[in-house]
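Residue numbers (my numbering), protein chains in the order written: chain A, 1 to 194; chain B, 1001 to 1194; chain C, 2001 to 2194; chain D, 3001 to 3194. Below is one structure, written out as structure tokens; comments come after it.
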DNA sequence: TATGAATGAGTATTCATTCAT
DNA sequence: GATGAATGAATACTCATTCAT
């Protein structure tokens, strides 16, 4: 009996929090978030017991959305370069099209408010897509370490590229291509001279 | 507010602020920073009119220190790979040896409290060293854009590597090498097969 | 708000409230009381329209239980001293055996949340038992005033004794006897020398 | 340098807190106390780090004032009865003349917010005056226990009397006398028949 | 009748900044 | 210049009470 807790309200709160964190920073008041979500101040704490929990929930929510986007149009039979390019484009597009989610994610990453598990999940994003069928290998690192590390570097390069595209919108597409070129040189097969 | 006298106090405040931001986050109280610097609460505002100014001053101060470190041992006559490796090692070493400065810089970068000029300065770091005598070139970008962008990517890769070295200390040196390997493939001359 | 059905739930709420007030203070949340009573938050307000009413109901409930205990084993034909001693022991035993009720009663007494009638009822407790067949008399007070006042003093002495017994459990029985000795000297017949 | 912390403000805060606790209960907002003391909200927390500390400080302050009043007019050469009567009158007068302090003390006593030491101090009040030159003795208790306990009972009887005097102002003096009569019978020398 | 989601006023405490000393 | 007392706006979180289900 009594009303069930509303998934709509939860989603509204996550959306409002994401946008508010992006525009006002993580120190934005919870009351503002509640107002933007169209619920009472106290309601926020019915869905998230405290602000730190909200931080974590927003991060996980945004990461899940990003992960979904990354697999769009994935074709396991395409060439490695084509698969990598798709991943790249999906990631970059997501960052450009969801600037609030992107900004919130970045702020949360360095906030010190996330659990190690949550931070790990971010690094494993690309790995989860499973696109690296011929894993890269670095001297001194085993296969798992190499794969995870190259994913992290991919993420770093992508983020830097998204940043440039955002702050230099007129040359955005050129930066997107340049970023991929940089990345592909680094992780593509070496026998390019033949 | 006339310019205060003691350069010592200013340095002490910057140092205390850097360490405090690293350990407590940017929301650390100014009173704590003042205490760690060994001065009174109000004194801080004699040297920095408000907290935002302090943010900017810390960022610039840390960046200047980093820039100095990057040139250590620089030899303009060495090969591009050797010069790049030196830059890489200098950067990584600085990040490892100054974790507080490194953490504060990262937090400030995404804080939204810095001016565009301050953020730009961070990307131009390596460019300032002038090591790229044979500038890289990306399709669709002119030489200046290409150089600046490749510097930004270098910074991104370095930061990701420092992060991995810090969180996986037992394999730190392997990650350092792997990060450089990744970078060199991306920016090194292509005719490596010959 | 029609009168609710379940007397069980009412009793459970009173019991839970008594224990909660004793352990957490009067500012304990009603939601906690409801949970301890095994009912929903809103249900509490079906039985008690607001928290203040609950305060009063708990007080009256506890007082009624105490009053019942006071008459246990009462023998109207026994000597005054024996009757007084029985009353004393009944009171003290109740306080020791029902620490939560005892504590709640004390907190409520000074809370300012009770009506004058409810506070009066506490003073009249012993009078109700009707043990004072030969009423005490104080100069300047009429018989009714004297009786009521001596009952109030009896209550005060008892409470102080219970407090000492609780905080000095090893000498509890000695304090019980001492308290009675004190009381009996004060209210017993004066011709003790004969 | 800088202003020294003001003893005046501290006293004003203690006074305002005492009166506010008496009239509004211990749950009175700290902002109200600050306003009544004529200082800013934050200033209260400069003098008392949190509300619990304020509770304790008020209690100790009030107790110290009461202790001072108890010794007024003390004459070590007077008879035990005269000395007891003086103590009695001093105590009762203080309670009547400082109803706010008296009420605050009572509320704090049962609040659970005081340390055991603070509570003890309240029981030792009369003992400190050192009026009991011929200590009372109860069966089963040693001299120290007896003295302390009889002091506690004295306090209990006094408080009950003050309560009656306050709620029955027309017969106040009669209750004062009656209370003392009760007390003196209980603790006075037994050889009253001679 | 019973439930518990929803509400929003209320509160202790913090902290950047000012200013009297 | 240096100090730290004073300020009061700001904020996370609580909780008595209401009401849709």
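Backbone N, C-alpha and C fix where the C-beta goes; we use that ideal spot for every residue, glycine too.
Within-8 Å CB hit, residue i to chain A
| i | result |
| --- | --- |
| residue 1107 of chain B | yes |
| residue 1063 of chain B | no |
| residue 1221 of chain B | Residue 1221 of chain B lies beyond the residue range present for chain B, which begins at 1001 and ends at 1194; the question has no answer from this structure. |
| residue 1031 of chain B | no |
| residue 1153 of chain B | yes |
| residue 1060 of chain B | no |
| residue 1149 of chain B | yes |
| residue 1042 of chain B | no |
| residue 1006 of chain B | no |
| residue 1121 of chain B | no |
Span of the alpha helix (DSSP H) around residue i
| i | result |
| --- | --- |
| residue 3104 of chain D | 3099–3109 |
| residue 1135 of chain B | Here residue 1135 of chain B belongs to no alpha helix (DSSP H), and DSSP marks it neither H nor E. |
| residue 13 of chain A | 7–24 |
| residue 2036 of chain C | 2030–2037 |
| residue 3186 of chain D | 3172–3187 |
| residue 2163 of chain C | 2143–2167 |
| residue 121 of chain A | 116–123 |
Other residues of its chain near residue i: CB distance less than 6 Å, five sequence neighbours each side excluded
| i | result |
| --- | --- |
| residue 3158 of chain D | 3091 |
| residue 136 of chain A | 146, 150, 187 |
| residue 8 of chain A | none |
| residue 2022 of chain C | 2100, 2103, 2104 |
| residue 2183 of chain C | 2157 |
| residue 3097 of chain D | none |
| residue 1074 of chain B | none |
| residue 2094 of chain C | 2066, 2069 |
| residue 3041 of chain D | 3031, 3034 |
Any chain D beta carbon closer than 8 Å to residue i
| i | result |
| --- | --- |
| residue 2079 of chain C | no |
| residue 2174 of chain C | yes |
| residue 2001 of chain C | In this prediction, residue 2001 of chain C scores a pLDDT of 47, lower than 50, which makes its location untrustworthy; the coordinate-derived value is nonetheless stated afterwards. Not closer than 8 Å to any Cβ of chain D, the Cβ of residue 2001 of chain C fails to qualify, so no. |
| residue 2037 of chain C | no |
Same chain, Cβ closer than 7 Å to residue i, five either side skipped, listed in chain order
| i | result |
| --- | --- |
| residue 1020 of chain B | 1028, 1032, 1033, 1036 |
| residue 3180 of chain D | 3085, 3088 |
| residue 176 of chain A | 92, 161, 165 |
| residue 2172 of chain C | 2165 |
Cut-off 8 Å between Cβ atoms - residues of its own chain near residue i, not counting five sequence neighbours on either side
| i | result |
| --- | --- |
| residue 1124 of chain B | 1148, 1151 |
| residue 111 of chain A | 26, 55 |
| residue 1018 of chain B | 1058, 1061, 1062, 1100, 1101, 1104 |
| residue 12 of chain A | 37, 38, 39 |
| residue 2052 of chain C | 2113 |
| residue 1078 of chain B | 1086 |
Minimum Cβ-Cβ distance from residue i to chain C less than 8 Å
| i | result |
| --- | --- |
| residue 3110 of chain D | yes |
| residue 3019 of chain D | no |
| residue 3159 of chain D | yes |
| residue 3181 of chain D | yes |
| residue 3138 of chain D | yes |
| residue 3156 of chain D | yes |
| residue 3091 of chain D | no |
Residue-level contact to chain B via CB, residue i, 8 Å cutoff
| i | result |
| --- | --- |
| residue 118 of chain A | no |
| residue 141 of chain A | yes |
| residue 95 of chain A | no |
| residue 102 of chain A | no |
| residue 55 of chain A | no |
| residue 74 of chain A | no |
| residue 12 of chain A | no |
Complete runs of the beta strand (DSSP E) confined to the segment 3043–3099 of chain D [at least 3 residues] | none
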